[in-house]
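Below: the structure, in structure tokens.
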Amino acid sequence: MSAPPALPFALPPEYTQLRGVVRELAEKHIAPRAAEIDRSGEFPWDVHDALARSGFHAPHIPEEYGGAGADALATVIVIEEIARVCAASSLIPAVNKLGTLPLLLAGAEELCERYLPPVARGEAMFSYALSEPTAGSDAAALQTTARRTDDGWVLNGVKRWISGAGESRFYTVFAATDPSAGPHGISAFIVEKDDPGVSFGAKERKLGIRGSPTREMYFDDCRIPQWRLIGEAGEGFALAMRTLDHTRVTIAAQAVGIAQGALDVALGYTRQRRQFGKPVAEFQGVQFMLADMAMRIDAARSLTYQAASSSQAGSQVLTYLGAAAKCFASDVAMAVTTDAVQLLGGYGYTQDHPVERMMRDAKITQIYEGTNQIQRLVIARELLREAADRPAGREESARMR
1 MSAPPALPFA LPPEYTQLRG VVRELAEKHI APRAAEIDRS GEFPWDVHDA LARSGFHAPH
61 IPEEYGGAGA DALATVIVIE EIARVCAASS LIPAVNKLGT LPLLLAGAEE LCERYLPPVA
121 RGEAMFSYAL SEPTAGSDAA ALQTTARRTD DGWVLNGVKR WISGAGESRF YTVFAATDPS
181 AGPHGISAFI VEKDDPGVSF GAKERKLGIR GSPTREMYFD DCRIPQWRLI GEAGEGFALA
241 MRTLDHTRVT IAAQAVGIAQ GALDVALGYT RQRRQFGKPV AEFQGVQFML ADMAMRIDAA
301 RSLTYQAASS SQAGSQVLTY LGAAAKCFAS DVAMAVTTDA VQLLGGYGYT QDHPVERMMR
361 DAKITQIYEG TNQIQRLVIA RELLREAADR PAGREESARM R
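For the sequence shown, this note's numbering assigns the number 1 to the initial residue and increments by one for each residue that follows.
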């Protein structure tokens, strides 16, 4: 009998090989540091350097700028495998993609040639500054301004919840260049850490991802040259939303990795832990919990990989898939890590085992890059738009073709 044909959704071997390489690096260099990174709250430059030596700190940067040229699915696998052992460390490639993607989507070639190679070489990180004290879910309500001058722009305002702030050398900053125009008056700029007028607040004291610093970022008559504008003036908000369509997939990958790490720990523990004369993994109630955890993770991974493929192809359904993957995977991560803590019992509630850290880390995936309530609004909006555009009598969704 001949072998059955390969399943159409099976990963090509190069992605499987990539997973193995990243997992080996993560187990060797990151997993032993994860608990200390969480306890200290310090940015793990040693982990950054280990990732940079392998090209995993910013794998998405194209080869023409000195990067590895990884596609969206490969980048997702890198982030997933790092998050499996340390969610904070997985933000190194995730934040670098978030910060640089506006350049790749709309930046002039001169900007890309200037700012992407240092990131590709591991000499700089790149953060994304959109949120503000009064502009979270309502991102268009930002109050940071950029006033045009004869030789450039002057920025004033405050950004909040900026991942990598103070550690990153470069920042994509969104500011109002025409406050009267609402979202059509927002523009995107590159700001450097050492620009005059730039400063940072204290690190936020967070529930999880403690090794990824989060700070406010302040602009006090920060002067930057004209050529630091990304794309055209007034197109910044649309660019911010396009960026998030792509990068929500990386948060989904992070969530899948956290959930898989928690399941791995729970499987190992329940196979070893004995109660009533046998391993607790032999009890049906425990088996049902493990089965549910595994099913949810595999479903989340499949949706995340589908969204990554859509991101790479620039598909018209990316907005829907990116939101759906991020929302579903992060809900799965929260449920799975909570169950992992339950399965470990009292041990799960202590820092002697990593599942309590994983549960704390999982929560942020339901919040950043758009809360899951916002994701559900995005999903519903896309469904209704698609239904309105569908010809009469056509019931099949474009998402299923």
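Each residue gets a CB set at the ideal place from its N, CA and C atoms; glycine is no exception.
The Cβ-Cβ distance between P213 and G285 does not fall below 9 Å. Residue range 145-149 is occupied by the beta strand (DSSP E) that includes T149. With a minimum length of 4 residues, the unbroken runs of alpha helix (DSSP H) contained wholly in the region 101-142 fall at 109-120. Runs of the alpha helix (DSSP H) lying entirely within the region 347-381, each at least 4 residues long, are 355-365 in chain order. Close CB contacts of P62 within its chain, under the 6 Å cut and outside five residues either way in sequence, are with G69 (chain order).
Where K203 is concerned, there is no enclosing beta strand (DSSP E), because DSSP gives it neither an H nor an E. The C-beta distance from L142 to S187 rounds to 11 Å, too long to fall under 8 Å, and the pair is not in contact.
In the three-state reduction of the DSSP assignment, D389 falls in the helix class. Between G257 and R357, the C-beta spacing is not below 9 Å. A check of alpha carbon separations from A176 across G197, C327, A129 identifies A129 as the nearest. G322: member of the alpha helix (DSSP H) spanning 318-344, first to last residue. Between Q226 and P196, the alpha-carbon positions lie close to 15 Å from each other. Note that the C-beta distance between Q366 and M334 is below 9 Å.
Using a Cβ-Cβ distance cut-off of 8 Å, the region 107-124 and the region 144-159 are not in contact, since fewer than three pairs of beta carbons, one from each stretch, lie closer than that value. F237: member of the alpha helix (DSSP H) spanning 236-272, first to last residue.
Assignment of beta-bridge partners to M217 by DSSP yields K159, F200. Membership of E24 in the alpha helix (DSSP H) is indicated by the continuous run 13-25. DSSP, read as helix, strand or coil, puts K28 in helix.
Secondary structure note for Y305: its alpha helix (DSSP H) is the uninterrupted segment 284-313. Under the DSSP assignment, V76 falls in the alpha helix (DSSP H) whose first and last residues are 72-83. Straight across, the Cα-Cα distance linking L303 with R169 is about 33 Å. As the crow flies, the alpha-carbon of E80 is around 18 Å from that of A35.
The DSSP-derived three-state label of G185 is helix.
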